[in-house]
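What follows is a set of notes on a single structure, which appears directly below.
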Amino acid sequence: MKCPHCLHAIKPNVETISVVPNYHNNSWDAKAYVCPNCERPVIILSQQVYRYNNWVISDEHYVFPKAISSQPLPEEVTDVVVVSDYNEAGLVLADSPKSSAALTRRCLQYILREKVGTKSRDLADQIQEVIDEKILPTEITEGLDAVRNIGNFAAHPQKSISTGEIVEVDPHEAEWNLEILFDLIDYVYVRPIRFQQKKENFNVKLSEVGKPEI
Ligand SMILES: [Zn+2]
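Numbering of the sequence shown is given in numbering that gives the first Met the number 0, commencing with residue 0 and proceeding in unit increments.
So this is what it looks like as structure tokens:
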């Protein structure tokens with residue numbers, strides 16, 4: 000898991016106290032831990048529902064801190080559509096994973112259409128294009144494939160057709176979507192600019208010693 004304060008991947012000792020053991024197949028636990036990295040406390044109220052002979056987490060409310068920090072976008076990202084969807088998806092993540100995931104998917108669709116050049120109308124098919132044509136690096140493609148599997152797009156392809164549709168997701172799935180979006184933004188918007196800057200700096204050095212530019 001990731002610390003909501005410092006965003007480091009951590010394996011904390013989580014103390015769990017049952018607050019409401021069973022109320023009409025719903026139960027609530029209070030969970031608390033201290034992040035081993037930043038040493039700040041984290042308190043979560045976790046709700047579970049009893050489904051198919053199992054207790055599954057249906058919702059996690061962050062009590063402290065109130066929201067999970069999302070990685071801030073690098074300054075190279077100036078596309079207002081991307082900046083606004085990404086930031087909002089991060090802001091609502093703790094309170095509404097569903098809304099966060101809907102914003103993330105909308106933003107992924109936009110980038111895949113406008114910057115990656117996919118032609119399909121809905122996200123599941125856009126991701127299939129990326130997989131078939133090997134347009135993006137393997138780790139991003141695999142991440143997108145996992146996004147597609149979240150909310151059972153594969154089992155219910157009709158669910159994925161309209162942009163911004165609300166699909167059942169848990170908080171970790173919504174967080175995963177946001178991380179994959181960050182990776183895609185980094186690849187599409189940030190890396191080309193940084194590479195260009197590197198090249199320009201290198202060319203300055205080359206010209207100083209009288210060598211041809213690359
Ligand atoms: Zn931390």
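Cβ atoms here follow ideal geometry from the backbone N, Cα and C, with glycine treated the same way.
query                                                                                                     : result
GLY12 beta carbon near ligand 1 (any heavy atom closer than 7 Å)                                          : The question names Gly, yet the displayed sequence has Asn at residue 12. Checking every heavy atom of ligand 1 against the Cβ of ASN12, none is found closer than 7 Å.
Distance cut-off 7 Å: ASN200 Cβ against heavy atoms of ligand 3                                           : This structure does not include ligand 3; its bound ligands are ligand 1.
Whether TYR188 touches VAL19 by CB criterion (8 Å)                                                        : no
Classification of ILE149 by the beta-carbon crowding that lies within 10 angstroms, buried from 16 upward : buried
Per DSSP, the bridge partner or partners of LYS1                                                          : ALA8
Where ARG39 falls: helix, strand or coil (DSSP)                                                           : coil
Strand pairing of ALA29, partner residues [DSSP]                                                          : ILE16, LEU44
Proximity below 8 Å, CB of ASP182 to CB of ILE139                                                         : yes
Uninterrupted alpha helix (DSSP H) stretches inside the stretch 93-137 (no shorter than 4 residues)       : 96-113, 122-132
Backbone secondary structure at ILE160 - three-state DSSP                                                 : Unreliable placement is indicated for ILE160, whose pLDDT of 46 sits below 50; no coordinate value is reported for it.
ILE213, enclosing beta strand (DSSP E) - first and last residue                                           : No beta strand (DSSP E) holds ILE213; DSSP gives it neither H nor E.
Touching by the beta-carbon criterion (3+ pairs, under 8 Å), the stretch 189-198 and the stretch 88-106   : no
Own chain, CB closer than 8 Å to SER119, minus 5 neighbours either side, in chain order                   : GLN125, GLN127, GLU128
Any chain B beta carbon closer than 8 Å to ILE139                                                         : Among the protein chains of the structure shown there is no chain B, as only one such chain exists.
Reference ALA66; option with closest CA among ILE56, VAL81, LEU44                                         : LEU44
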